[in-house]
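Visitor:
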Amino acid sequence: MNQPIQKKRGRRVVQSNQLTEASYSLTRDQKRILYLCMSKMPNVPEGEPITHDGKFTIAVADYAEAYDLPSSAASQDIRTALNRFRGKEVTIYRPEFDEGDDKGYDAYPWLVKRSVRPNIGLYEIHINQELMPLMAGLRRNFTTYDMIEVNGITNPLVMRLYESLCQFRGNRSEGSVTLSVEWIRARYMLPASYNRMPDFRKRFLDVAVQEINQKSQLRIEVKEKKTGRSITHLEFKFVDIERKKMERVKRIGEDKPPAEGGQTDLDQAPGEGGQIDIEAPGKGGQIDPSPADQEIDDDMTLKEGSPW
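When we follow this note's numbering, the leftmost residue of the sequence shown carries the number 136, and every step to the right adds one.
(1) Just tell me which of PHE220, PHE371 and THR192 has its CA closest to the CA of TYR258.
(2) Report all residues from its chain with a CB closer than 8 Å to the CB of VAL279; omit the five preceding and five following residues, and keep chain order.
(3) Sort out for me which residues DSSP pairs ASP390 with in a bridge.
(4) Counting only runs of 4+ residues fully inside the segment 239-316, write out the alpha helix (DSSP H) ranges in chain order.
(5) Relative to the C-alpha of GLY287, which residue among GLY222, GLU200 and ASP341 is closest?
(6) Do the CB positions of ALA343 and LEU266 come within less than 9 Å of each other?
(7) Express the C-alpha separation of ARG275 and PRO180 in angstroms, rounding to a whole number.
(8) Between ARG331 and chain C, is any beta-carbon pair separated by less than 9 Å?
(9) If you check the beta carbons only, do LEU369 and ILE319 fall under 9 Å apart?
(10) For my contact list, VAL195 and ILE168 are in at a C-beta cut-off of 8 Å; report their separation, rounded to the angstrom.
(11) With DSSP run on the structure shown, which of helix, strand or coil describes LYS147?
(12) Using three-state DSSP, classify ILE510 as helix, strand or coil.
(13) Should ARG338 be labelled buried (16 or more other beta-carbon atoms within 10 Å of its own) or exposed?
(14) On a Cα-Cα basis, can you pick out the residue from LEU292, GLN345 and PHE220 that is closest to ILE262?
(15) What residues in its chain sit with their C-beta under 7 Å from that of ARG203, if we drop five residues either side in the sequence?
(16) Please say whether SER160 and MET270 have beta carbons closer to each other than 9 Å?
(17) Just how far apart, CA to CA, sit GLY409 and PHE373?
(18) What is the rounded straight-line gap between the Cα of GLU356 and the Cα of ASP375?
(19) Compare the C-alpha of GLY272 against each of LYS223, MET282 and MET173 and name the closest.
(20) For VAL195, name the three-state secondary structure that DSSP assigns.
(21) Compute the Euclidean distance between the alpha carbons of SER210 and PRO244, then round it to the nearest angstrom.
The structure is reproduced here in structure tokens:
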């Protein structure tokens, strides 16, 4: 079992909630490239314009270190992922432009340029500059997580769910979020073969719960909710075991007299509310794109045994 939580922290990813809730389909290695780029995004002082041009250099050694890979495998993963970016778009929803059932949205290509330099172990990408406001200078309405939290997850669909959970985690160590099944299908662009609920459960939901519980710092449980006779929503309850540990350290420190130097100053301000509902794509200005075949490099078959 992978245990990425034991690795060194410090590569923090911050992305707009609009990007977390966007509709797109990427492979695991494409997601990993974006994680690495976003973790390198420079800080933008409040009130200053975002001037980053979207250009990033990806060193094979850096990618290999981040994801525990030999250099040869890292180089191949990067090259394959960059080739597969051709024609890939991300759809950002714009409900303020809805007109009846016609939903407003903006669709952007992820990259405007990609450069391969295998003889020097470097690759360069130019992320669409119009996406920079979704990745830099964010002060509110953003999702954040450390790369170490996701570097053990190998399924790109599970990566998307983990980001959704982090969106509503905020500064809390536990909470819950309710997601519409149709919202998940649309936003994560699940393959059409997942449309039947038994297939959705077996090939996505069960796999996601197991992988997140085994390979991240979140422990989750899911409860299916029905509208009439159909399962329409999923309630995810989560506990962040790393933050729980920090809370225990803080309590222990607070119990000691100040003279002993045992006080630990950890900001664990609670998030706003514990229950979030995200409805089906037909509500709240969300569109329902046609399911597209997901490029998946990893086996999505659930193995027997409980993650708990």
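Here a beta-carbon is modelled for each residue, glycine too, at the ideal position from N, C-alpha and C.
Here the structure is a predicted model, which means the values were calculated and not measured.
Guide: Walking through what the data contain:
(1) What you label residue 258 is simply residue 123 of the sequence shown in a count that begins at 1. Minimum Cα distance to TYR258 is reached at THR192.
(2) Within the sequence shown, the letter at position 144 stands for residue 279. As written in the sequence, residue 279 is Thr, which differs from the Val given in the question. ARG147, VAL148, VAL149, GLN150 and CYS301.
(3) On the sequence shown, residue 390 is found 255 positions in, with the first residue counted as 1. Paired residues: none, contrary to the question.
(4) Entirely contained in the segment 239-316, the alpha helix (DSSP H) runs reaching 4 residues are, in chain order, 282-285 and 291-304.
(5) Taking the sequence shown and counting its residues from 1, one reaches residue 287 at position 152. Looking at the Cα atoms, GLU200 is the closest of the given residues.
(6) Start at 1 with the first residue of the sequence shown, and residue 343 comes out as number 208. Start at 1 with the first residue of the sequence shown, and residue 266 comes out as number 131. Contact flag unset, no.
(7) Translated into the one-based positions of the sequence shown, residue 180 becomes position 45. Translated into the one-based positions of the sequence shown, residue 275 becomes position 140. Roughly 14 Å between the two C-alpha positions.
(8) This model lacks chain C altogether, as it is built from one protein chain only.
(9) The count along the sequence shown starts at 1 and reaches residue 369 at position 234. The count along the sequence shown starts at 1 and reaches residue 319 at position 184. In this structure, the beta-carbon distance from LEU369 to ILE319 falls below 9 Å.
(10) For the purposes of this step, residue 195 is taken as residue 60 along the sequence shown, with counting starting at 1. For the purposes of this step, residue 168 is taken as residue 33 along the sequence shown, with counting starting at 1. Actually they do not touch by this definition, with Cβ atoms about 12 Å apart.
(11) Residue numbering aside, residue 147 sits at position 12 when the sequence shown is read from its first letter. Looking at the sequence provided, one finds Arg at residue 147 rather than Lys. It is a strand residue.
(12) Outside the displayed span of the chain (136 to 443) sits residue 510, for which this structure offers no information.
(13) For this step, residue 338 is matched to residue 203 along the sequence shown. It is buried - the Cβ of ARG338 has at least 16 other Cβ atoms within 10 Å.
(14) On the sequence shown, residue 262 is found 127 positions in, with the first residue counted as 1. Cα-wise, what sits closest to ILE262 is PHE220.
(15) For this step, residue 203 is matched to residue 68 along the sequence shown. The amino acid at residue 203 is misidentified as Arg; the sequence shows Asp. No residues qualify anywhere along the chain.
(16) Residue mapping note: residue 270 aligns to position 135 of the sequence shown, counting from 1. Residue mapping note: residue 160 aligns to position 25 of the sequence shown, counting from 1. Result no, Cβ atoms of MET270 and SER160 do not sit closer than 9 Å.
(17) Stepping through the sequence shown from its first residue, residue 409 is reached at position 274. Stepping through the sequence shown from its first residue, residue 373 is reached at position 238. In this prediction, GLY409 has a pLDDT of 41, which is less than 50 and means its spatial position is unreliable; nothing more can be read from the coordinates.
(18) Looking up residue 356 in the sequence shown gives position 221. Looking up residue 375 in the sequence shown gives position 240. Cα-Cα distance, rounded: 12 Å.
(19) Taking the sequence shown and counting its residues from 1, the one referred to as residue 272 is at position 137. Checked all of LYS223, MET282 and MET173; the closest Cα to GLY272 is MET173.
(20) On the sequence shown, residue 195 is found 60 positions in, with the first residue counted as 1. DSSP places VAL195 in helix when its eight states are reduced to three.
(21) As a working note, residue 210 is residue 75 in the sequence shown. As a working note, residue 244 is residue 109 in the sequence shown. So the alpha carbons of these two residues sit roughly 23 Å apart.
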